[in-house]
Amino acid sequence: MNTENYLKDISEIKSIMNKSTKFLSLSGLSGILVGIYALIGAYVAYEMISEYSAEIGKTRFNYVSILRIKLILVAFCVLAVSIATGFVLTYRKAKTNNESIWNGLTRKLLVDFCVPLFTGGLVCLILMSKGYYGVIAPATLIFYGLSLYSASKYTVGSIKYLGLAEIILGLISFNYIGYGITFWAIGFGIFHIIYGIIFYYKHDRN
Amino acid sequence: MKDILLHINKTFDHRIRLGIMSALVVNESVDFKSLKELLGVTDGNLASHLKALEKEAFILVQKQFIGRKPNTKYSATLKGKDAFKKHIDALEQIIKSSQL
Numbered sequence: 002m003n004t005e006n007y008l009k010d011i012s013e014i015k016s017i018m019n020k021s022t023k024f025l026s027l028s029g030l031s032g033i034l035v036g037i038y039a040l041i042g043a044y045v046a047y048e049m050i051s052e053y054s055a056e057i058g059k060t061r062f063n064y065v066s067i068l069r070i071k072l073i074l075v076a077f078c079v080l081a082v083s084i085a086t087g088f089v090l091t092y093r094k095a096k097t098n099n100e101s102i103w104n105g106l107t108r109k110l111l112v113d114f115c116v117p118l119f120t121g122g123l124v125c126l127i128l129m130s131k132g133y134y135g136v137i138a139p140a141t142l143i144f145y146g147l148s149l150y151s152a153s154k155y156t157v158g159s160i161k162y163l164g165l166a167e168i169i170l171g172l173i174s175f176n177y178i179g180y181g182i183t184f185w186a187i188g189f190g191i192f193h194i195i196y197g198i199i200f201y202y203k204h205d206r207n
Numbered sequence: 087m088k089d090i091l092l093h094i095n096k097t098f099d100h101r102i103r104l105g106i107m108s109a110l111v112v113n114e115s116v117d118f119k120s121l122k123e124l125l126g127v128t129d130g131n132l133a134s135h136l137k138a139l140e141k142e143a144f145i146l147v148q149k150q151f152i153g154r155k156p157n158t159k160y161s162a163t164l165k166g167k168d169a170f171k172k173h174i175d176a177l178e179q180i181i182k183s184s185q186l
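So the sequences go chain by chain: A and B. Convert by adding 1 to the 1-based position in the first sequence; the result is the number in this note's numbering. Convert by adding 86 to the 1-based position in the second sequence; the result is the number in this note's numbering.
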């Protein structure tokens, strides 16, 4: 064997180490789309709340529980559409990359992502059942950030920093209870869009 | 130069075996199917190279069942990791010395 072969060996070793530890088929486009959905959702929620505030005083009934259900429905719609978009785009990219979407690696990635996320989901449900609505937005941002951070070791790019940004934003928003929708729009909307654009320029363009 | 060549391990003198070891040293364990996909080789080909590495005690084979499906997991032994590291170091040395 000559040196060129050895060099090839080394680069092959590197590529296999990378491929076997990192899932590469995330797409920046899904980040942008998810961010846009979140902004639309935040806008709809904002309209609902201002409509509700305008109604206060006109009727004698307290419709706040109906408003709450409506807001939760909006949040779930945004979540469902976001997950579906992320899945479809990832699936398509994995197919063109010839990377399998369901293997030991993606399983680990999903577990590491879901443990903090479901913990957070349960915490939020408990908080809601106790009536602590104000802290839901900060809590979701923090737990979502933790999920991203914990899954980031299995993938490339700046997911880690997106996670950290969400955590910091969540901590800040704890000090501004009552501005939940604004912080949600920043964290889930604007941050995702910025992340998506950066990711697109760094990884997707070629 | 002769010294360096001494560390070039004959067992690793094959791309697929090198690939197997690369995947195993950075992962706790990898199952057969994942290795196959990762390296893009046939069952028989992969099995024979795994056998060779197992014979040198460079890898550990764990057979288990997930439900009713048999699942074989492979992990690198300390001896395997050590030998692999030495092999890579030797490769780097050769490349370096040829660039001088």
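Cβ coordinates follow ideal geometry from the N, Cα and C atoms, glycine included. Source: prediction; values computed, not measured.
Bridge partners for residue i per DSSP, in chain order?
i, result
"PRO156/B", "PHE151/B"
"ALA187/B", "Lying before the first or after the last residue shown, residue 187/B is absent from chain B, which here runs from 87 to 186."
"THR156/A", "PHE24/A"
"ASP175/B", "Paired residue(s): none; ASP175/B is not in a bridge."
"VAL116/B", "TYR160/B"
Whose Cβ in chain A lies nearer than 8 Å to the Cβ of residue i?
i, result
"ILE174/B", "ILE11 and ILE14"
"ARG101/B", "ASP10 and GLU13"
"GLY166/B", "In chain order: nothing, as chain A lies at least about 14 Å away."
Contact defined as beta carbons within less than 8 Å: I believe residue i pairs with residue j. What is the distance between those atoms, to the nearest angstrom?
i, j, result
"THR158/B", "ALA143/B", "17 Å between Cβ atoms; not a contact."
"PHE114/A", "SER83/A", "With 8 Å as the limit, PHE114/A and SER83/A do not qualify as a contact, their Cβ atoms being about 14 Å apart."
"LEU74/A", "GLY197/A", "In fact, because the Cβ distance is near 25 Å, the residues do not count as touching under 8 Å."
"GLY164/A", "SER153/A", "6 Å"
"LEU142/A", "GLY171/A", "3 Å"
"SER12/A", "GLU100/A", "Actually they do not touch by this definition, with Cβ atoms about 19 Å apart."
"GLY122/A", "VAL79/A", "Not really, about 15 Å apart at Cβ, beyond 8 Å."
"ALA186/A", "ALA39/A", "7 Å"
"LEU68/A", "TYR47/A", "Incorrect: roughly 12 Å between the Cβ atoms, too far for contact."
"SER108/B", "MET18/A", "5 Å"
"SER161/B", "LEU121/B", "In fact, because the Cβ distance is near 11 Å, the residues do not count as touching under 8 Å."
"PHE98/B", "PHE170/B", "7 Å"
"GLY105/A", "VAL116/B", "7 Å"
"ASN86/A", "LEU34/A", "Reading off the sequence shown, one finds Thr at residue 86/A, where the question assumed Asn. Correct: roughly 5 Å between the Cβ atoms."
Rounding to the nearest angstrom, what Cα-Cα distance links residue i and residue j in this structure?
i, j, result
"GLU114/B", "VAL147/B", "12 Å"
"GLU167/A", "LEU147/A", "8 Å"
"GLY32/A", "THR107/A", "18 Å"
"PHE88/A", "SER28/A", "10 Å"
"ASN131/B", "LEU177/B", "25 Å"
"LYS71/A", "LYS161/A", "33 Å"
"TRP103/A", "SER16/A", "20 Å"
"LEU139/B", "ILE145/B", "6 Å"
"PHE192/A", "THR120/A", "22 Å"
"ASP168/B", "VAL45/A", "59 Å"
"THR4/A", "TYR201/A", "36 Å"
"ILE194/A", "LEU90/A", "15 Å"
"TYR208/A", "GLY36/A", "A question about residue 208/A goes unanswered here, because the residues of chain A that appear run from 2 up to 207."
"THR97/A", "VAL116/A", "29 Å"
"TYR155/A", "ILE169/A", "22 Å"
"ILE174/B", "ILE14/A", "9 Å"
"GLN150/B", "PRO156/B", "6 Å"
"LYS1/A", "LYS109/A", "Residue 1/A lies beyond the residue range present for chain A, which begins at 2 and ends at 207; the question has no answer from this structure."
"ALA140/A", "ILE199/A", "26 Å"
"LEU136/B", "LYS20/A", "19 Å"
"TYR145/A", "LEU126/A", "15 Å"
"ASN6/A", "ARG154/B", "43 Å"
"LEU149/A", "LYS203/A", "19 Å"
"LEU125/B", "ASP10/A", "13 Å"
"TYR180/A", "ALA133/B", "59 Å"
"ILE178/A", "PHE77/A", "21 Å"
"VAL112/A", "LYS165/B", "31 Å"
"SER130/A", "VAL157/A", "38 Å"
"GLY190/A", "THR183/A", "10 Å"
"ILE181/B", "LEU8/A", "7 Å"
"TYR134/A", "LYS59/A", "24 Å"
"LYS94/A", "SER66/A", "42 Å"
"ASN176/A", "VAL136/A", "10 Å"
"THR128/B", "LEU104/B", "16 Å"
"GLN179/B", "SER159/A", "34 Å"
"GLY188/A", "ILE50/A", "20 Å"
In chain A, what lies closer than 7 Å to residue i by C-beta?
i, result
"ASN113/B", "SER21 and THR22"
"GLY153/B", "Within chain A, no residue comes near GLY153/B; the closest Cβ sits about 15 Å away, beyond 7 Å."
"LEU177/B", "TYR7, ASP10 and ILE11"
"VAL116/B", "SER21 and GLY105"
If the cut is a Cβ gap below 7 Å, which residues of chain B does residue i touch?
i, result
"THR4/A", "ILE180, ILE181 and SER184"
"SER101/A", "GLU123"
"ASN104/A", "SER120 and GLU123"
Would you say residue i touches the ligand FMN, meaning its beta carbon is less than 6 Å from a heavy atom?
i, result
"GLY42/A", "With respect to small molecules bound, the structure shown includes none, and the ligand FMN cannot be examined in it."
Can you name the residues of chain B whose CB is closer than 9 Å to the CB of residue i?
i, result
"ILE57/A", "The contacting residues do not exist; ILE57/A stays about 57 Å from chain B at best."
Please list the partners that residue i has in chain A, where partner means a Cβ-to-Cβ separation under 9 Å.
i, result
"LEU104/B", "ASP10, GLU13, ILE14 and ILE17"
"SER108/B", "GLU13, ILE14, LYS15, SER16, ILE17, MET18 and SER21"
Check distances from the C-beta atoms of the segment 71-95 of chain A to those of chain B and list, in chain order, the residues that come in under 7 Å. none
At a CB distance below 8 Å, what residues from the segment 122-141 of chain B approach chain A? Give them in sequence order. GLU123, LEU124 and LEU125
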